[in-house]
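Undergrad:
Residue numbers (full-length UniProt numbering): 1 to 304.
1. Taking all protein chains shown into account, decide if residue 260 is buried (16 or more other Cβ within 10 angstroms of its Cβ) or exposed.
2. Which residues in the same chain have their Cβ closer than 8 angstroms to the Cβ of residue 273, if we skip the five residues on either side of it in sequence?
3. In chain order, what residues of the same chain have a beta carbon less than 6 angstroms from the beta carbon of residue 214, not counting five sequence neighbours either side?
4. So the beta strand (DSSP E) residue 178 belongs to, where does it begin and stop?
5. Classify residue 253 as helix, strand or coil using the three-state DSSP reduction.
6. Taking just the CA atoms, how far does residue 257 sit from residue 244?
7. Cβ atoms of residue 226 and residue 240: under 8 angstroms apart, would you say?
8. Starting from the C-beta of residue 196, find all residues in its chain whose C-beta is less than 7 angstroms away, skip the five residues before and the five after it, and write them out in chain order.
9. Helix, strand or coil for residue 301, going by three-state DSSP, please let me know.
10. Nearest-angstrom Cα distance between residue 224 and residue 280?
11. Quick check on residue 228: buried or exposed, where buried means 16 or more other Cβ atoms within 10 Å of its Cβ?
12. Helix, strand or coil, according to DSSP, for residue 277 in the structure here?
13. Which whole-angstrom value is the C-beta distance of residue 175 and residue 246, which I expect to be below 8 angstroms?
14. For residue 166, does the three-state DSSP call read helix, strand or coil?
15. Which one of 297, 205, 238, 194 has the shortest CA to CA distance from residue 278?
16. Could you check what DSSP says for residue 248 in three-state terms: helix, strand or coil?
17. Does the distance from the C-beta atom of residue 218 to that of residue 139 stay below 8 angstroms?
18. What does a CB cutoff of less than 8 angstroms around residue 288 pick up in its chain, not counting 5 residues either side in sequence?
19. Do you know how far the Cα of residue 183 is from the Cα of residue 157?
20. How long is the line joining the alpha carbons of residue 142 and residue 295, rounded to whole angstroms?
21. Within 10 angstroms of the Cβ of residue 145, are there 16 or more other Cβ atoms? Answer buried if so, exposed if not.
22. Quick one: measure Cβ to Cβ for residue 242 and residue 193, integer angstroms, because I've assumed they're closer than 8 angstroms.
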């Protein structure tokens, strides 16, 4: 019985024959697998060239023929245009105009020119410069006199009918009439009161300092005062304090200067005032009060 066992030589020869086949079979399997999975997609091939892209056509309005025939503008030469010839007047008209203008403005031109120069030097004009702090500034104090027209209005004599008399015998000019005189002399808006400090509220009295400013110039300064009797009347007393300061500032301008003249006061009281006995309506107390001769006794008094 023959043995099926292979000899060493037969086994080695068989191994040599089988080794080359394994890579070939693996390559063939790999090739088949690659061909099966990466089959190219069919593409339509055409030999005709692609059609041209369609472009959108915009309809533009045709320019007029006149625009095409526009004449070019010449370059600027840089030379300024000549000034217009001045208007010529006849000798008679020129002399009359010069004489009338010189006579009408001779008294006021000096004040206007000096005021304009003062404001431009100190930056008080509208052209620029820092605003003036009227709480501390004395800008324009004593630099220039007012024109004669304004001075005549300020220093005019008082009409006796405008003067009032208090029951204690003190004569005064109502505050509104001070304002009317200032408006007549300088025009509405040409003057103003600038506070120089805070309102000081004391025991039953308020005080505050004010400056009178005319045409952008410091003119006068005074402290006004006014009594009050309850806390609700402080605001009203503050307005009365301002009016009192205005009256005192007007003394420097010569307004109602007669009211501080003792001789004028005695003469006025003798001619226009009288002293009468009256009785208080509530307390029934009698006393003497002063009033104008053309005035009547008012509440809370009655003539006894």
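Glycine is no exception: its CB is placed at the ideal position from the N, C-alpha and C atoms. None of these values were measured; they are calculated from a predicted model.
TA: With the given structure in hand:
1. If you number the chain shown from 1, residue 260 lands on position 260. The residue in question, residue 260, is exposed, as its Cβ has fewer than 16 Cβ neighbours within 10 Å.
2. By one-based count along the chain shown, residue 273 stands at place 273. Counting only Cβ-Cβ distances below 8 angstroms, and skipping sequence neighbours, we find 165, 169, 171, 290, 291, 292, 293.
3. In the chain shown, residue 214 corresponds to position 214, counting from 1. Closer than 6 angstroms at Cβ, skipping near neighbours: 186, 191.
4. Position 178 of the chain shown, counted from the start, is the residue given in the question as residue 178. First-last for residue 178: 175-186, but that is the alpha helix (DSSP H), not the beta strand (DSSP E).
5. Here residue 253 refers to the residue found at position 253 when the chain shown is read from its first residue. Residue 253: helix per DSSP, three-state reduction.
6. As a working mapping, residue 244 is identified with position 244 in the chain shown. As a working mapping, residue 257 is identified with position 257 in the chain shown. Annotation: residue 244 to residue 257 spans about 15 angstroms, alpha carbon to alpha carbon.
7. Position 240 of the chain shown, counted from the first residue, corresponds to residue 240. Position 226 of the chain shown, counted from the first residue, corresponds to residue 226. Yes, these two residues count as a Cβ contact at 8 angstroms.
8. In the chain shown, residue 196 corresponds to position 196, counting from 1. Excluding residues up to 5 positions away in sequence, 135, 209, 210, 211, 221 lie with their Cβ nearer than 7 angstroms to the Cβ of residue 196 in the same chain.
9. Residue numbering aside, residue 301 sits at position 301 when the chain shown is read from its first letter. Residue 301: strand per DSSP, three-state reduction.
10. The residue given as residue 224 occupies position 224 in the chain shown. The residue given as residue 280 occupies position 280 in the chain shown. Approximately 31 angstroms, taken between the alpha carbons.
11. As a working mapping, residue 228 is identified with position 228 in the chain shown. Note on residue 228: 16 or more other CB atoms within 10 angstroms of its CB, so buried under the neighbour-count rule.
12. The residue given as residue 277 occupies position 277 in the chain shown. Under the three-state reduction of DSSP output, residue 277 falls in the strand class.
13. Position 175 of the chain shown, counted from the first residue, corresponds to residue 175. Position 246 of the chain shown, counted from the first residue, corresponds to residue 246. 7 angstroms between Cβ atoms; contact.
14. For this step, residue 166 is matched to residue 166 along the chain shown. Coil at residue 166, not helix or strand.
15. Here the question's residue 278 lines up with position 278 in the chain shown. For the residues 297, 205, 238, 194, the minimum Cα distance to residue 278 belongs to 297.
16. Numbered from its first residue, the chain shown carries residue 248 at position 248. Residue 248: helix per DSSP, three-state reduction.
17. Taking the chain shown and counting its residues from 1, one reaches residue 218 at position 218. Taking the chain shown and counting its residues from 1, one reaches residue 139 at position 139. Yes, the pair counts as a contact, with Cβ atoms nearer than the cut-off.
18. Within the chain shown, numbered from 1, the residue matching residue 288 stands at position 288. Only 275, 276, 277, 278 meet the Cβ criterion.
19. Here residue 157 is taken as the residue at index 157 of the chain shown, counted from 1. Here residue 183 is taken as the residue at index 183 of the chain shown, counted from 1. For residue 157 and residue 183, the distance between alpha carbons rounds to 17 angstroms.
20. Sequence index remark: in the chain shown, residue 142 carries index 142 (1-based). Sequence index remark: in the chain shown, residue 295 carries index 295 (1-based). Cα to Cα, the separation comes out at about 42 angstroms.
21. Counting from one through the chain shown, the residue named residue 145 turns up at place 145. Residue 145 comes out exposed.
22. Against the chain shown, residue 242 aligns to sequence position 242. Against the chain shown, residue 193 aligns to sequence position 193. Cβ-Cβ separation between residue 242 and residue 193: approximately 6 angstroms, consistent with a contact (criterion under 8 angstroms).
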